[in-house]
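Protein chains: 2
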Amino acid sequence: MSLDSVLNRIDDQLPSALERLKELMRIPSISTDPAYDDDCDRAAAWLVKDLQSIGIEAETRKTPGRAMVVGHFNGSEAANTPHVLFYGHYDVQPVDPLNLWDTAPFEPEVQDAPNGQVIRGRGAADDKGQLMTFIEACRAYKDVTGTLPCNMTFFFEGEEESGSPSLIPFLEANKDELSADLALVCDTGMVAPGVPSIASQLRGMLKDEFTLHGPRIDLHSGHYGGPALNPLKEISRLIASFHDENGRVAVQGFYDGVEDVPAELLRQWENCGFDEHEYLSSVGMTMAHGETGYSTLVQQWARPTLEINGLWGGYQGVGTKTVIPAQAHCKLTCRLVGQMDPDALRDKIRKHVEDRLPKDARVTWNNSLEGSPASVMNTERPEFEKARQALSDEWGREAVFSGMGGSIPVTRFFTDILNLDSMLIGFGLEDDAIHSPNEKYNVESFHKGTRSWARVLDRITQA
Amino acid sequence: MSLDSVLNRIDDQLPSALERLKELMRIPSISTDPAYDDDCDRAAAWLVKDLQSIGIEAETRKTPGRAMVVGHFNGSEAANTPHVLFYGHYDVQPVDPLNLWDTAPFEPEVQDAPNGQVIRGRGAADDKGQLMTFIEACRAYKDVTGTLPCNMTFFFEGEEESGSPSLIPFLEANKDELSADLALVCDTGMVAPGVPSIASQLRGMLKDEFTLHGPRIDLHSGHYGGPALNPLKEISRLIASFHDENGRVAVQGFYDGVEDVPAELLRQWENCGFDEHEYLSSVGMTMAHGETGYSTLVQQWARPTLEINGLWGGYQGVGTKTVIPAQAHCKLTCRLVGQMDPDALRDKIRKHVEDRLPKDARVTWNNSLEGSPASVMNTERPEFEKARQALSDEWGREAVFSGMGGSIPVTRFFTDILNLDSMLIGFGLEDDAIHSPNEKYNVESFHKGTRSWARVLDRITQA
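Each protein sequence line maps, in turn, to chains A and B.
For the first sequence, our numbering assigns the number 3 to the initial residue and increments by one for each residue that follows.
For the second sequence, our numbering assigns the number 3 to the initial residue and increments by one for each residue that follows.
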């Protein structure tokens with residue numbers, strides 16, 4: 003068979019592939035709201051049927067939450083090819099605020115836009131459109147060759163947007179069935195439009211939350227203002243103490259385990275097409291506000307952070323209430339890199355706070371929040387270089403191993419539970435508005451994404 | 003006539019006076035909730051009838067909100083006595099949380115308690131019980147002498163607990179009718195049990211509120227954590243900058259107009275029976291947290307403050323949201339003393355914040371919040387020393403000119419609109435639980451409070 007025939011087939015079938023994607027997008031599979039449980043089931047069933055239509059043995063599998071979709075193709079006659087597991091998720095984010103949508107979120111439309119056509123609607127990019135790039139690549143293979151280029155497992159979950167509560171138990175219970183040589187994941191983006199990207203390092207995360215307790219009860223600021231310890235003032239002091247004037251985290255030992263970016267990778271990043279000006283100005287910033295001495299991209303991909311995500315106490319209504327509240331609250335997350343140990347870090351942050359408590363104050367911590375270390379992909383595996391070449395061929399410019407500021411926990415579970423390396427290739431763009439109103443996916447991302455997977459599958463199944 | 007006869011009459015009539023107070027307390031005159039509008043009307047009508055029963059020409063007067071009660075007595079034959087205006091309020095605070103009440107809030111009961119009998123129920127102390135001490139003193143005068151010791155105006159409002167929206171227009175519209183020589187107000191407390199107190203200085207108040215704006219939209223902490231300006235971190239830095247390490251407000255010029263407490267007043271305060279340990283420990287504090295070098299009492303009565311009353315931004319729900327919010331919010335109030343000018347102070351605070359804004363941040367202010375300077379009562383008037391002697395006689399210990407941490411705005415309106423000095427005498431105690439469940443008023447406060455007013459009226463109407 004020839005790769006060109008497969009790519010031609012993809013080109014020919016683009017209109018019907020878009021129709022299939024629209025069908026899937028019309029199902030409001032919002033996993034965070036139980037009102038949409040049946041729709042999640044419908045989306046899972048739709049995927050089972052679609053996988054079956056290209057010869058894959060697929061079924062939905064019950065969990066205490068939303069169903070998993072598992073499909074197997076073991077009919078490959080090619081020798082010495084890797085068995086790949088492809089992961090995606092069929093659930094989507096809620097759509098509110100609905101009034102900010104220009105179209106109905108679950109009535110997808112292909113529209114003309116300044117940078118080419120887009121398909122607009124909830125799930126277009128996250129993750130229905132991306133997930134379908136892989137399925138459409140397989141369909142084209144099947145149409146042209148009557149088979150698929152290697153044995154495959156398909157694994158789709160329906161709880162990614164709601165914290166994946168069933169994922170770990172399911173992986174543990176179905177370890178053998180899900181065993182493979184390499185996981186492929188299509189849930190990431192490109193560094194810049196037209197720059198094919200393999201996400202090779204993801205920051206980890208530590209979550210913590212504390213309440214600062216001052217007076218035994220809320221006090222009146224007339225009667226106690228002056229002598230009273232004010233938890234809002236004190237929590238502000240504590241939070242202000244987390245960073246020094248250069249934007250460095252001032253918690254002792256915070257940077258233990260942080261590693262410098264290798265020079266070769268840094269060179270790749272510098273030339274990866276990341277548009278710093280666009281990245282900053284699109285959200286109203288004129289400069290990077292992180293650690294002095296690091297580029298915007300390095301601050302985002304390769305430096306750890308301590309961010310305050312929630313802060314509250316006292317009166318929030320209209321007008322004034324002369325209250326000195328008994329408590330103040332803070333939610334924080336850290337993004338971790340290198341070998342930073344989330345458990346050790348949690349202790350350091352808590353010590354930092356406890357060492358700085360004023361007299362008559364105490365702190366309580368939320369002990370239900372977990373952490374996960376950073377992930378670095380195993381780019382030494384030959385499939386990474388092969389994929390990089392395949393992507394470079396498709397997009398006509400060198401593909402990059404990019405960093406990622408966020409975390410994709412599933413890759414860590416694949417490593418820990420299935421002993422499986424992951425390769426993350428995705429075609430999302432900065433302006434796709436995932437999790438926001440008017441989500442879209444460029445038709446180019448969908449079309450060339452599908453072609454990219456065909457090329458990647460072709461390349462990694464060759465010696 | 004003899005003062006002793008009046009005092010004896012008060013002693014004899016205590017049981018029926020308590021019954022009258024209970025009648026008034028049974029009317030749920032909550033002014034903040036329109037569901038109780040009719041009850042507010044009933045309370046006003048009850049007062050009119052009660053005033054009429056002692057020969058006072060009284061009526062309710064309509065306002066856009068709750069009615070005012072105005073009563074006049076002009077039949078005094080005593081020459082050269084001052085015309086006094088007595089102010090109180092018949093409305094009460096809401097009663098929630100209802101489950102924390104041990105008795106029904108509007109079914110008042112006289113109960114035995116560790117420090118003597120109390121009358122328990124909403125409004126017992128704030129302000130129905132206090133207001134009735136004055137009326138009962140007048141009733142005893144009337145019973146014994148057939149008249150009152152001087153000409154009087156009675157002025158009760160029903161919106162004190164809901165911001166007094168009708169007060170200023172009513173005073174302005176009825177300036178002539180309400181003119182008098184001295185206002186008497188019974189809505190304050192005693193410094194300590196058994197220590198008769200005339201509140202001679204009240205702190206003023208400045209209210210302000212700002213929003214700190216950072217990124218144009220809420221950001222994801224994976225994608226923007228590091229480079230992004232985090233408004234929660236920045237607002238914490240700003241708030242932390244409001245005070246120095248000695249608890250002094252670090253806003254430039256903040257203390258302009260602050261005056262030291264005169265040595266003689268300070269001596270009175272030092273011996274006023276204020277129980278610092280009880281004041282602090284009752285709310286879980288072991289020390290005063292205000293300005294170093296000032297006593298707890300001075301911090302509360304005579305030093306200005308800048309307190310944060312509300313602080314919020316980002317995610318406040320259960321668990322974690324990896325958000326860097328676009329905005330953070332802060333509500334603050336200052337308590338003012340001496341000659342501090344609220345308008346000038348507002349400008350200084352705003353400048354302090356604006357001078358410390360990081361790049362890419364901006365601040366917006368709520369311009370709808372007002373301020374009022376501190377009030378110092380005109381204790382040079384002879385009535386103050388006379389009242390102090392009268393109170394000392396009744397309570398068997400020297401009465402004090404006390405400070406007050408809070409503000410009683412009506413006294414300022416009397417000064418500004420009616421050109422009328424106020425004298426604030428009240429018998430409330432720290433543990434009366436005003437605004438809280440299980441509000442009470444000591445029967446001793448009610449009884450000796452009534453006797454106190456008889457003595458005060460007797461003394462100030464003598465040469």
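All C-beta atoms in this analysis are idealised placements derived from N, C-alpha and C, irrespective of residue type, glycine included.
Open item on the list: If I follow the unbroken alpha helix (DSSP H) through histidine 354 of chain A, where does it start and stop?
Closed with: 344-357 is the extent of the alpha helix (DSSP H) around histidine 354 of chain A.
Task: Below-7 Å beta-carbon distance, valine 263 of chain B vs any chain A residue - done: Valine 263 of chain B does not count as touching chain A.
- [ ] Please confirm if the segment 183-202 of chain B is in contact with the segment 418-438 of chain B, defined as three or more CB-CB distances below 8 Å between the two stretches.
- [x] The segment 183-202 of chain B, when compared against the segment 418-438 of chain B, does touch it at the 8 Å Cβ threshold.
Open item on the list: Using 8 Å for Cβ pairs, my map puts phenylalanine 108 of chain B next to arginine 124 of chain B. What's the rounded Cβ distance?
Closed with: Correct: roughly 6 Å between the Cβ atoms.
- [ ] Could you check if methionine 289 of chain B is buried or exposed, using at least 16 other CB atoms within 10 Å of its CB as the buried criterion?
- [x] When all chains shown are included, methionine 289 of chain B counts as exposed.
Open item on the list: Cutting at 7 Å between CB atoms, please list the residues of its own chain near serine 409 of chain A, excluding the five before and the five after it.
Closed with: Close CB contacts of serine 409 of chain A within its chain, under the 7 Å cut and outside five residues either way in sequence, are with Leu204, Arg205, Gly206, Met207 and Ser374 (chain order).
Task: Under 8 Å by beta carbon: chain B residues contacting methionine 379 of chain A - done: The contacting residues do not exist; methionine 379 of chain A stays about 16 Å from chain B at best.
Open item on the list: To the nearest angstrom, how far is the alpha carbon of threonine 381 of chain A from that of proline 264 of chain A?
Closed with: Taking the straight line from one Cα to the other gives about 13 Å.
Task: chain B contact for lysine 442 of chain A (CB, 7 Å cutoff) - done: Proximity of lysine 442 of chain A to chain B, defined by a Cβ-Cβ separation below 7 Å, is not satisfied.
TODO: Would you mind sorting glutamine 132 of chain A into buried or exposed? The rule is 16 or more other CB atoms within 10 Å of its CB.
DONE: Residue burial annotation: glutamine 132 of chain A is buried, with at least 16 other C-beta atoms found within 10 angstroms of its C-beta.
Open item on the list: Could you tell me the alpha carbon to alpha carbon distance between methionine 287 of chain A and leucine 234 of chain B, rounded to whole angstroms?
Closed with: Going by the C-alpha atoms only, they are around 16 Å apart.
- [ ] Go through its chain and collect everything with a Cβ distance to leucine 282 of chain B's Cβ below 8 Å, but skip five positions before and after it.
- [x] Counting only Cβ-Cβ distances below 8 Å, and skipping sequence neighbours, we find Thr288, Met289, Ala290 and Thr298.
Task: Which listed residue (A/Asp183, A/Ser4, A/Ala46 and A/Ser164) has its alpha carbon closest to that of asparagine 421 of chain A - done: Here the closest residue by C-alpha is A/Asp183.
TODO: Anything in chain A within Cβ reach of isoleucine 170 of chain B, meaning under 9 Å, just list it in chain order.
DONE: Taking the beta carbon of isoleucine 170 of chain B as reference, no residue of chain A falls within 9 Å; the closest one sits roughly 17 Å away.
Open item on the list: Restricting to Cα atoms, I'd like to know which of A/Glu247, A/Gly227, A/Ile29 and A/Asp6 is closest to alanine 106 of chain A.
Closed with: Each of A/Glu247, A/Gly227, A/Ile29 and A/Asp6 was checked against the Cα of alanine 106 of chain A, and the nearest Cα belongs to A/Ile29.
Open item on the list: Runs of 3 residues minimum, wholly inside the segment 293-330 of chain A: which ones carry the beta strand (DSSP E) assignment?
Closed with: The qualifying runs are 307-316.
TODO: State the Cα-Cα distance for the pair alanine 142 of chain B and leucine 53 of chain B, rounded to the nearest angstrom.
DONE: Each residue's Cα considered, the two are about 13 Å apart.
Task: Near-chain A residues of the segment 255-283 of chain B - C-beta to any C-beta below 8 Å - done: If the cut-off is 8 Å between Cβ atoms, the segment 255-283 of chain B has Tyr281 and Leu282 near chain A.
Task: Own chain, CB closer than 7 Å to glycine 316 of chain B, minus 5 neighbours either side, in chain order - done: So the list reads Leu234, Val325 and Pro327, once near-sequence residues are dropped.
Task: Beta-ladder partner(s) of threonine 147 of chain B, from DSSP - done: Beta-bridge partners assigned by DSSP to threonine 147 of chain B: none are found.
- [ ] Starting from histidine 222 of chain A, find everything on chain B with Cβ-Cβ shorter than 9 Å and list it in chain order.
- [x] Residues of chain B with a Cβ closer than 9 Å to the Cβ of histidine 222 of chain A are, in chain order, Gly407, Gly408 and His437.
Open item on the list: Three or more C-beta pairs under 8 Å: does that hold for the segment 148-164 of chain A against the segment 10-17 of chain A?
Closed with: The segment 148-164 of chain A is not in contact with the segment 10-17 of chain A.
Task: Cross-chain neighbours of histidine 91 of chain B in chain A, by beta carbon under 7 Å - done: Within chain A, no residue has its CB atom less than 7 Å from the CB of histidine 91 of chain B, the nearest being about 17 Å off.
Open item on the list: Just verifying my parser: in three-state terms, what is the DSSP assignment at histidine 279 of chain A?
Closed with: Helix, per DSSP.
Task: DSSP state of glycine 206 of chain A mapped onto helix, strand, coil - done: In the structure shown, the three-state DSSP call for glycine 206 of chain A is strand.
TODO: Would you mind telling me which residues of chain A sit closer than 7 Å to glycine 227 of chain B, beta carbon to beta carbon, in chain order?
DONE: Neighbourhood of glycine 227 of chain B in chain A, by CB distance below 7 Å: Thr307, Glu309, Arg337 and Gly407, in chain order.
Task: Simplified DSSP state of tyrosine 38 of chain B, which is helix, strand or coil - done: DSSP, reduced to helix, strand and coil, places tyrosine 38 of chain B within a helical segment of the structure shown.
Task: Secondary structure of isoleucine 170 of chain A, DSSP reduced to three states - done: For isoleucine 170 of chain A, the secondary structure class from DSSP, reduced to helix, strand or coil, is helix.
- [ ] Would you kindly check if the distance between the Cβ of glycine 292 of chain B and the Cβ of proline 229 of chain A is under 7 Å?
- [x] Contact: yes.
Task: Reference leucine 404 of chain A; option with closest CA among A/Phe276, A/Arg337 and A/Leu338 - done: Note that residue 404 of chain A is serine in the sequence shown here, rather than leucine. Looking at the Cα atoms, A/Phe276 is the closest of the given residues.
- [ ] Have a look at valine 365 of chain A and isoleucine 436 of chain B and give me their C-alpha separation to the nearest angstrom.
- [x] Taking the straight line from one Cα to the other gives about 29 Å.
Open item on the list: Let me see if you follow: with CB-CB separation under 7 Å, is histidine 291 of chain B close to chain A or not?
Closed with: Closer than 7 Å to some Cβ of chain A, the Cβ of histidine 291 of chain B qualifies, so yes.
- [ ] Within 10 angstroms of the Cβ of threonine 294 of chain B, are there 16 or more other Cβ atoms? Answer buried if so, exposed if not.
- [x] Counting Cβ neighbours within 10 Å, threonine 294 of chain B comes out exposed, since fewer than 16 surround it.
Task: Nearest candidate by alpha-carbon position, reference lysine 350 of chain A, set A/Phe212, A/Gly255 and A/Gly312 - done: Comparing alpha carbon positions, the residue from A/Phe212, A/Gly255 and A/Gly312 closest to lysine 350 of chain A is A/Gly255.
TODO: Using a Cβ cut-off of 7 Å, pull out every chain A residue sitting near alanine 242 of chain B, in sequence order please.
DONE: Those are Ser238, Arg239 and Ala242, listed as they occur along chain A.
TODO: For proline 217 of chain B, decide whether its Cβ has a neighbour in chain A, counting only Cβ atoms nearer than 7 Å.
DONE: Using a CB distance cut-off of 7 Å, proline 217 of chain B counts as an interface residue toward chain A.
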